[in-house]
Amino acid sequence: MADNSQNQARHVAIIMDGNGRWAKRRALPRAMGHKRGVEAVRTLVRSLKDMPIECLTLYAFSSENWKRPQDEVSDLMNLMRSFIRSDLDEFVANGVRLKIVGDWRALDSDIVDMLEDALERTRNGTRTVAVALNYGAQQEIAMAARAAASEDEITPESIERHLFTADLPPVDLLIRTSGEVRLSNFLLWQMAYAEMIFVETLWPDFTPRHLHEALDTFAMRERRYGGR
Ligand code: FPP
1119 MADNSQNQAR HVAIIMDGNG RWAKRRALPR AMGHKRGVEA VRTLVRSLKD
1169 MPIECLTLYA FSSENWKRPQ DEVSDLMNLM RSFIRSDLDE FVANGVRLKI
1219 VGDWRALDSD IVDMLEDALE RTRNGTRTVA VALNYGAQQE IAMAARAAAS
1269 EDEITPESIE RHLFTADLPP VDLLIRTSGE VRLSNFLLWQ MAYAEMIFVE
1319 TLWPDFTPRH LHEALDTFAM RERRYGGR
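1119 is the number of the first residue of the sequence shown in my numbering; add one for each residue after it.
Okay, structure coming up:
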């Protein structure tokens, strides 16, 4: 039998973009776009049980998102609170291990407490859903390089051991929604050899079918890692 394991994405990362435009097109408040964005997250996480993906990393709040109006930042934080409250049991029941990447301990202390509890309760899950919160890749790389330098030589391997994602496979596939074509300081190290797919779909409209299509496209790409 042909070995196509190379063609299966183990780690998929998504930049969930376009919530604001989704709302604007419907003359709804931006908060409604984010709310529908959370529903898209919920549906996608549920669909993972039928997919071969080991890890899904979602960009929920970047270290640059603090620049948004205060109202919007609190809407996003409140959505995070209610998402954990409503979906944690389902994560546990479905064997999903929650992971948080980023400087999440700097968030409001009640969220930090909720996340600590969620991490503890999901720690035996076999499939990882990593949520990037207060995350910036340049900050992560600088932090990892500092930690590597304090105990060892600085090499790609020593830096990698100090990244938030040290226990995860490298990102195979990045998907960004809403037609924007940039990386926005997301997992820059981890995506060194990632395939990238940019789709026009706005995040609240993104469904498991879109993820299946992206995985099919990924499976047809030839990855050479600099070789030939
Ligand atoms: C980009 O849309 C989206 C965000 C900045 C936040 C993404 C967050 C969620 C989908 C909800 C929280 C997630 C979880 C896991 C509970 P945008 O506002 O930049 O859209 P625009 O570019 O159209 O204005």
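A virtual CB, placed ideally from N, CA and C, is assigned to each residue, including glycine.
Span of the alpha helix (DSSP H), counted from its first residue to its last, around residue i
i                  : result
glutamate 1318     : Counting along the chain, glutamate 1318 falls outside any alpha helix (DSSP H), and DSSP gives it neither H nor E.
phenylalanine 1179 : Careful: phenylalanine 1179 lies outside any alpha helix (DSSP H), inside the beta strand (DSSP E) at 1173-1180.
alanine 1284       : Looking at the DSSP string, alanine 1284 is not in any alpha helix (DSSP H), and its letter there is neither H nor E.
arginine 1203      : 1188-1211
threonine 1356     : Lying outside 1119 to 1346, the shown extent of the chain, residue 1356 is not represented and no answer is given.
threonine 1335     : 1326-1338
arginine 1139      : 1137-1143
Any non-hydrogen atom of the ligand PLP closer than 6 Å to residue i Cβ
i              : result
histidine 1328 : The ligand PLP is not among the ligands present in this structure, which contains only the ligand FPP.
C-alpha gap between residue i and residue j, whole angstroms
i                  : j              : result
phenylalanine 1336 : glutamine 1126 : 8 Å
arginine 1239      : glycine 1345   : 42 Å
glutamate 1331     : leucine 1146   : 29 Å
tryptophan 1321    : lysine 1153    : 11 Å
isoleucine 1293    : alanine 1131   : 6 Å
proline 1347       : valine 1159    : An answer regarding residue 1347 cannot be provided, because it is not within the stretch 1119 to 1346 covered by the chain.
arginine 1264      : leucine 1233   : 26 Å
valine 1289        : arginine 1144  : 34 Å
leucine 1329       : serine 1200    : 25 Å
valine 1230        : alanine 1211   : 22 Å
serine 1192        : tyrosine 1311  : 35 Å
Residue i: CB within 6 Å of a non-hydrogen atom of the ligand FPP
i                  : result
phenylalanine 1201 : yes
histidine 1152     : yes
valine 1249        : yes
Segment limits, beta strand (DSSP E) that includes residue i
i              : result
leucine 1216   : 1214-1219
histidine 1129 : 1129-1133
Proximity below 7 Å, CB of residue i to CB of residue j
i                  : j                  : result
threonine 1354     : threonine 1295     : Nothing about residue 1354 can be reported from this structure: the residues present for the chain run from 1119 to 1346 only.
leucine 1174       : valine 1219        : no
alanine 1262       : leucine 1281       : yes
tryptophan 1222    : asparagine 1183    : no
glycine 1138       : glycine 1155       : no
phenylalanine 1209 : leucine 1194       : no
threonine 1283     : glutamine 1257     : no
glycine 1277       : alanine 1267       : The question names glycine, yet the displayed sequence has isoleucine at residue 1277. No; because the gap between Cβ atoms is not below 7 Å, this pair is not in contact.
alanine 1255       : phenylalanine 1304 : yes
Chain B within 7 Å of residue i, Cβ atoms only
i            : result
leucine 1305 : No chain B is part of this structure, which consists of one protein chain only.
**Asked** Could you give the uninterrupted runs of the beta strand (DSSP E) lying entirely in the stretch 1227-1281, keeping only those of 3 residues or more?
**Response** 1245-1253
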